[in-house]
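**Q** For reference, the structure I am asking about is given below.
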Amino acid sequence: MSGQVYLDYAATTFTAPEVVSAMAPYFTQSFGNPSSIYSFSEENRRAIAESRQKVADVIGASRDEIYFTSGGTEADNWALKGVAWRNRAKGNHVITTKIEHHAVLYAAKFLQENGFEVTFLDVDPEGRVRPEDVARALTDRTILVSVMFANNEIGTIQPVAKIGALCRERGVPFHTDAVQAVAHVPIDVKAMNIDLLSMSAHKFYGPKGVGALYVRKGIRIENLIHGGGQERGRRATTENVAGIVGLGAAIELTSSRMKESSARIAALRDILIDGVMKNIPYAKFNGAPSGERLPNNANFSFIGIEGETLLLDLDREGVYASTGSACSSGSLDPSHVLMAIGLTHEQAHGSLRMTLGEETTEEHVRHVLEVLPRIVKRRREMSPLWEDFLKSIEGGR
Amino acid sequence: MSGQVYLDYAATTFTAPEVVSAMAPYFTQSFGNPSSIYSFSEENRRAIAESRQKVADVIGASRDEIYFTSGGTEADNWALKGVAWRNRAKGNHVITTKIEHHAVLYAAKFLQENGFEVTFLDVDPEGRVRPEDVARALTDRTILVSVMFANNEIGTIQPVAKIGALCRERGVPFHTDAVQAVAHVPIDVKAMNIDLLSMSAHKFYGPKGVGALYVRKGIRIENLIHGGGQERGRRATTENVAGIVGLGAAIELTSSRMKESSARIAALRDILIDGVMKNIPYAKFNGAPSGERLPNNANFSFIGIEGETLLLDLDREGVYASTGSACSSGSLDPSHVLMAIGLTHEQAHGSLRMTLGEETTEEHVRHVLEVLPRIVKRRREMSPLWEDFLKSIEGGR
Amino acid sequence: MYSEKVLDHFQNPRNVGEIENPDGVGQAGNPKCGDIMKIYLRVEDDIITDIKFKTFGCASAIASSSMATELVKGRSIDEAWDLTNSAVAEALDGLPPIKMHCSVLAEEAIHAAINDYRKRKGLPVIEGKEYDHDHGHATEVD
Amino acid sequence: MYSEKVLDHFQNPRNVGEIENPDGVGQAGNPKCGDIMKIYLRVEDDIITDIKFKTFGCASAIASSSMATELVKGRSIDEAWDLTNSAVAEALDGLPPIKMHCSVLAEEAIHAAINDYRKRKGLPVIEGKEYDHDHGHATEVD
Ligand SMILES: Cc1ncc(COP(=O)(O)O)c(C=O)c1O
Ligand SMILES: Cc1ncc(COP(=O)(O)O)c(C=O)c1O
């Protein structure tokens, strides 16, 4: 990445070299099927058990509450569909929010098409779900509440402990999509009364294609993927041993340096935010203030400019950023998250997300602060919306 | 694996070193999220497209009919549940067989619990599904037929082309679980009238945790995993780039040497079979004869001995084999496949599967032929069933 | 994703800006879809002697505007009217299916500007054209 | 998966074989579950002076038979009757949950042999014991 400024760590991280090394033996040497009983597969089984323990340790769970999946999306799908399917006799109401990742949102919509009622809660202008709203939405037929731990676009951290407490009080299972939070902010599933939690390795310097779902002991959940008896009968398929080992190594590595990394990254992030707000007129800052957002997330809207334009202009300058969720970059709909916090269509289309990480330096941030104002200025000059905007504020004077 | 004789290639293969090398750049260098639009992710997108093309080429499909999954199990689950869910309006009847892998079997049972009727077809004593039986089972309400390409335990290759032809004639989608067959025997989805086909990379020297489902253009299928727009909106989650590249490299490598490897491996397999049948009294050979079975599969029953005993005794001699499906080794139920071909419980419990592969040598086979007869003899001597058996044949004289 | 031509016209758009006292102005698109295109015309003897645009939108929207203005500059307004979105897209060496609507927008904006010019001249406006704003959902299988 | 002790008793089982003209013979298990255990007793003055077994089954079934015969050899038949499956499992340094039933089988086979001995001696057979042949499904969560 020489000369390149990667600012899309929320979309995916590189796999840390230590993690790659940890995975290496499981491709060509200790490659046995962990379900086999011969001694050759013992190393494999031990490695998987160790990874499971590492995951459990980081979130305060016990090892037999951790199930490996193919990523955050599968974990989210499993949590929502699995709990709903298994508890249909108890009720058909699910509560979630308008700012969830598509993995939760579209799983919830699938449930809606299959006889479930889903409440999609609003959020406040900084992207916070209000616990009172959750409390109010709970009914006797509610069988699941799913509220993300931290939002992937605007970084707002949710009042998860409060929501967890009130769900526990009502005896309703509580799931949180913690894909952006795990190993980046402290999580304790017991203290926070979390019943199910999703994570994905490639968001914390692990490999793509592997994740995990924490399911508290006693929570009833139908399988999403049926077949062999792997993962204690809960998730079938020959174990992705290298991937699971990678997830374990990555969660250990990343959470072990969480405190110092967060501080360093948040400081750079704040330089970035300050610089953008000072040097670009009429920039809008999206999401919650520093203390209540992910340490690595900065999100802005620049009235008059469409996001893709910014990405491509930044790309020419060696800067890789995102507009809204990475997944929806191919789509033309403005981000549902930015709409949910009350942005206009123009603002939502003109958003820029920059997410920092391990290799981000102050030089990187300075580079962005040098090129971005120029880019914004130039593109605004060719925008009819900017022209209208200038007229409107002149008229307002 | 020095001094070790790995004979469980059907459970899983090592990842070929060439494949590992092909995957390497996608962990630490070209690690971008393929959904991102910046230039940094272009390499990724190209690599995924190339892999997709390689898969398509090997089975005679076109690139946009290939969807990557987390393995064979997910592909099977998706095929069954996806087609059933999407076509409920047309009917609720699914046909499959009694010898499918648990991935298909338990997906079918899940459908059964959810309002679908499932016919589980019998097989002949060599493990063949009879096309006439499929034809007879088809009704106006049949929306899917799923018959595996080759059985993972006894190696019998199914009359897939015949079944495909009669399904196409009746307009019923035909799925085949080809996890054991892909890159090992020739497959042409067009010529064979296959509508959906599952594969898994770790069965052909690719990494664990990645597979693919071929879905013929025009086949309607509901998503199994909802979320972002990856895989053309059909299978959400940040792409497992390294895994997908590994699958592509592996399918190319393995199918390119298929002809010579199959011949070499089948020859060794036949030496093994002949030796076992000659040197072990009352050994029973399971499955179809050489021409109609996977080149690498040998399966026997030794009356009087329980399979796990054999595995552990062989393990002490450095030989790694399997009894029935790898997945069910932890279970106590005798293999459903061996029961379906008419074995008694005793025979089913006394089965041994040896599956050969790239690193199998004639020395390996000779080693097995040296140790196995001794092991069988010793264990039989402490078996009350063997005692009974000897009495019964003496009485029979 | 984008052809060289698209990137060139995106990075160095031709005819950006406004025309003071134009002979025709047209606009197409809406902020909901994330694209607004505004076209200014200078017309002399039915010939488009100058044309400028301002566009809010993605790279292909900007490139489509740039290319469309290039294609009609120096043409008669009747020739300009006949410029189709596929001609714009072709001139750009193609657009991704999901972005084809940007070329439609360019056609539409030019039509709007021409009609504005016609209105100012007392000519009847040309109506009835339906623009296909399908956002490339054709890329979605099934 | 298995303790050293289990592997030792599996690989070098004690007391394998038959006793000619035994004083008692018992059998437990069935081929469906994949385990059959047969126990032969030589009893003198109510003391088990010799014991042999033959077992069809997995490693833990063979190890359980071996260990159980060791534990009761030289004991009175009443003491032998009181041998529990958990004592067998403990003596083996534990069995995987899914394999606990093998130790139950050993207890059951010894009981059957003792009852056979009692029958031959004209003593009333001891009844009413229920054997827990749950195949360790306790390992499955939920
Ligand atoms: C909040 C959130 N949930 C779920 C996901 C899905 O994770 P994955 O792509 O690993 O399936 C992501 C990232 O893409 C995310 O940011
Ligand atoms: C025939 C068959 N189908 C499906 C599977 C499942 O594949 P995977 O373990 O990759 O999910 C296997 C192997 O385990 C198999 O042999």
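Protein chains in written order, with the working numbering: chain A, 1 to 397; chain B, 398 to 794; chain C, 795 to 936; chain D, 937 to 1078.
Backbone N, C-alpha and C fix where the C-beta goes; we use that ideal spot for every residue, glycine too.
Anything in the segment 835 to 858 of chain C with a Cβ closer than 9 Å to a Cβ of chain A? List those residues in chain order, please.
**A** The segment 835 to 858 of chain C vs chain A, Cβ under 9 Å: F847, K848, T849, F850, G851, C852, A853, S854, A855 and I856.
**Q** Which one of D910/C, V882/C and D844/C has the shortest CA to CA distance from G818/C?
**A** Counting from 1 along the third sequence, the entry for residue 818/C is found at position 24. Minimum Cα distance to G818/C is reached at D910/C.
**Q** What span of residues does the beta strand (DSSP E) with D829/C cover, start to end?
**A** By one-based count along the third sequence, residue 829/C stands at place 35. Its beta strand (DSSP E) spans residues D829 to E838.
**Q** Could you give the distance in angstroms between the alpha-carbon of H336/A and the alpha-carbon of L105/A?
**A** As a position in the first sequence, residue 336/A is number 336, starting the count at 1. As a position in the first sequence, residue 105/A is number 105, starting the count at 1. When rounded, the distance between both Cα atoms is 10 Å.
**Q** With respect to the beta strand (DSSP E) encompassing A298/A, which residues constitute its N-terminal and C-terminal limits?
**A** As a working mapping, residue 298/A is identified with position 298 in the first sequence. Note, A298/A: beta strand (DSSP E), N297 to F302.
**Q** Answer yes or no: the CB of G468/B versus the heavy atoms of ligand 1, is any distance below 7 Å?
**A** Counted from its first residue, the second sequence places residue 468/B at position 71. No, Cβ of G468/B sits at least 7 Å from all heavy atoms of ligand 1.
**Q** So, for L253/A: in the same chain, excluding its five sequence neighbours on each side, which residues have a beta-carbon less than 7 Å away from its beta-carbon?
**A** Taking the first residue of the first sequence as position 1, residue 253/A is located at position 253. Around L253/A: A16, E18, V19 and Y205.
**Q** Look at Y214/A and A61/A and say whether their C-beta atoms are less than 8 Å apart.
**A** Locating residue 214/A in the first sequence gives position 214, where the first residue counts as 1. Locating residue 61/A in the first sequence gives position 61, where the first residue counts as 1. Yes, they are a contact pair.
**Q** Taking K974/D as the query, report the chain B residues whose CB atoms sit under 7 Å from its CB, ordered along the chain.
**A** For the purposes of this step, residue 974/D is identified with residue 38 of the fourth sequence, where counting begins at 1. The answer, in chain order, is P781.
**Q** Count the CB pairs spanning the segment 1007 to 1015 of chain D and the segment 964 to 972 of chain D that are closer than 8 Å, and state whether there are at least three.
**A** The segment 1007 to 1015 of chain D vs the segment 964 to 972 of chain D: no contact.
**Q** Between P173/A and the rest of its own chain, which residues show a CB-CB distance below 6 Å, the 5 nearest in sequence each way excluded?
**A** In the first sequence, the residue the question calls residue 173/A occupies position 173. Here the set comprises V83, L144, D195 and I219.
**Q** On the DSSP letters alone, give me the boundaries of the alpha helix (DSSP H) that G469/B sits inside.
**A** The sequence position of residue 469/B within the second sequence is 72, counting from 1. Looking at the DSSP string, the run of the alpha helix (DSSP H) that includes G469/B is G469 to R483.
**Q** Whole angstroms is fine: what's the gap from G930/C's alpha carbon to W475/B's?
**A** For the purposes of this step, residue 930/C is identified with residue 136 of the third sequence, where counting begins at 1. For the purposes of this step, residue 475/B is identified with residue 78 of the second sequence, where counting begins at 1. Any answer about G930/C is weak, because its pLDDT of 41 lies below 50 and its placement is not dependable; what the coordinates show is given next. If you take the alpha carbons of G930/C and W475/B, they lie about 27 Å apart.
**Q** Compare the beta carbon distance of D140/A and G91/A with 8 Å and say whether it is the shorter of the two.
**A** Against the first sequence, residue 140/A aligns to sequence position 140. Against the first sequence, residue 91/A aligns to sequence position 91. In contact: D140/A and G91/A (Cβ atoms closer than 8 Å).
**Q** From E31/A to V402/B, what does the alpha carbon distance come to, in whole angstroms?
**A** The residue you call residue 31/A lines up with position 31 of the first sequence. The residue you call residue 402/B lines up with position 5 of the second sequence. Looking at the sequence shown, residue 31/A is not Glu but Phe. C-alpha separation (whole angstroms): 14 Å.
**Q** H202/A: which of G3/A, G72/A, Q230/A and P25/A sits nearest, CA to CA?
**A** Indexing the first sequence from 1 puts residue 202/A at position 202. Here the closest residue by C-alpha is G72/A.
**Q** What residues from chain C crowd round G246/A, counting only those whose CB sits closer than 7 Å?
**A** Within the first sequence, numbered from 1, the residue matching residue 246/A stands at position 246. Chain C residues near G246/A: none, gap ~30 Å exceeds 7 Å.
**Q** How big is the Cα-Cα spacing for F517/B and I738/B?
**A** Looking up residue 517/B in the second sequence gives position 120. Looking up residue 738/B in the second sequence gives position 341. For F517/B and I738/B, the distance between alpha carbons rounds to 13 Å.
**Q** Could you list which residues in chain B have their beta carbon closer than 7 Å to that of K968/D, in chain order?
**A** Within the fourth sequence, the letter at position 32 stands for residue 968/D. H742, listed in chain order.
**Q** Would you mind telling me which residues of chain A sit closer than 9 Å to P807/C, beta carbon to beta carbon, in chain order?
**A** The count along the third sequence starts at 1 and reaches residue 807/C at position 13. Ordered by position in chain A, the residues that pass the 9 Å Cβ test against P807/C are M382.
**Q** Quick one: is N966/D buried, meaning 16 or more other Cβ sit within 10 Å of its Cβ, or exposed?
**A** If you number the fourth sequence from 1, residue 966/D lands on position 30. Label assigned to N966/D: exposed.
**Q** Does DSSP put R379/A in a helix, a strand or coil?
**A** As a working note, residue 379/A is residue 379 in the first sequence. Correct three-state label for R379/A: helix.
**Q** Roughly how many angstroms separate the alpha carbons of T539/B and N511/B, rounded to a whole number?
**A** Residue numbering aside, residue 539/B sits at position 142 when the second sequence is read from its first letter. Residue numbering aside, residue 511/B sits at position 114 when the second sequence is read from its first letter. T539/B and N511/B: Cα-Cα distance of roughly 16 Å.
**Q** Report yes if the C-beta of V179/A is less than 7 Å from at least one heavy atom of ligand 1; otherwise report no.
**A** For the purposes of this step, residue 179/A is identified with residue 179 of the first sequence, where counting begins at 1. True, at least one ligand heavy atom lies under 7 Å from that Cβ.
**Q** Sorted by chain position, which residues of the same chain lie with C-beta nearer than 8 Å to I920/C's C-beta, five sequence neighbours on each side aside?
**A** In the third sequence, residue 920/C corresponds to position 126, counting from 1. The residues are W875, H905, I908, N909 and R912.
**Q** Whose CA, out of G916/C, M861/C, L835/C and N806/C, lies closest to the CA of V898/C?
**A** For the purposes of this step, residue 898/C is identified with residue 104 of the third sequence, where counting begins at 1. That would be M861/C, whose Cα lies nearest to the Cα of V898/C.
**Q** Just to check, is the beta-carbon of H1047/D closer than 7 Å to a non-hydrogen atom of ligand 3?
**A** Questions concerning ligand 3 fall outside what the structure shown contains, since the ligands it does hold are ligand 1 and ligand 2.
**Q** Let me know the secondary structure DSSP gives A633/B once reduced to three states.
**A** Locating residue 633/B in the second sequence gives position 236, where the first residue counts as 1. Coil, per DSSP.
**Q** Taking only runs of the beta strand (DSSP E) that begin and end inside the segment 509 to 594 of chain B, which ones reach a length of at least 3 residues, in chain order?
**A** Whole beta strand (DSSP E) segments, 3+ residues: 514 to 518, 539 to 543 and 571 to 574.
**Q** Which parts of the segment 12 to 77 of chain A are runs of the beta strand (DSSP E), unbroken and 3 residues or longer, counting only runs that do not cross its ends?
**A** List check, beta strand (DSSP E) in window: 66 to 69.
**Q** Check the Cβ of Y406/B against every Cβ in chain A and list those closer than 8 Å, keeping chain order.
**A** Along the second sequence, one-based indexing puts residue 406/B at 9. Residues of chain A passing the Cβ test: none, with the nearest at roughly 10 Å.
**Q** Mind checking if E387/A is an interface residue toward chain C, Cβ cutoff 8 Å exclusive?
**A** For the purposes of this step, residue 387/A is identified with residue 387 of the first sequence, where counting begins at 1. Closer than 8 Å: yes.
**Q** Measuring alpha carbon to alpha carbon, tell me which of T69/A, E260/A, D122/A and E74/A ends up nearest I95/A.
**A** Numbered from 1 along the first sequence, position 95 holds the residue referred to as residue 95/A. Ranking T69/A, E260/A, D122/A and E74/A by Cα distance to I95/A puts D122/A first.
**Q** Please state whether DSSP places V215/A in a helix, a strand or coil.
**A** Sequence index remark: in the first sequence, residue 215/A carries index 215 (1-based). If DSSP states are grouped into helix, strand and coil, V215/A belongs with the strands.
**Q** Let me confirm a value: Y925/C is counted as buried when at least 16 other C-beta atoms fall within 10 Å, else exposed. Which label applies?
**A** Translated into positions along the third sequence, residue 925/C becomes position 131. Its Cβ having fewer than 16 others within 10 Å, Y925/C is exposed.
**Q** So, for A326/A: in the same chain, excluding its five sequence neighbours on each side, which residues have a beta-carbon less than 8 Å away from its beta-carbon?
**A** In the first sequence, counting from the first residue as 1, residue 326/A sits at position 326. Residue placement at A326/A is flagged as unreliable, the pLDDT there being 34, under the threshold of 50; a coordinate-derived value is accordingly withheld.
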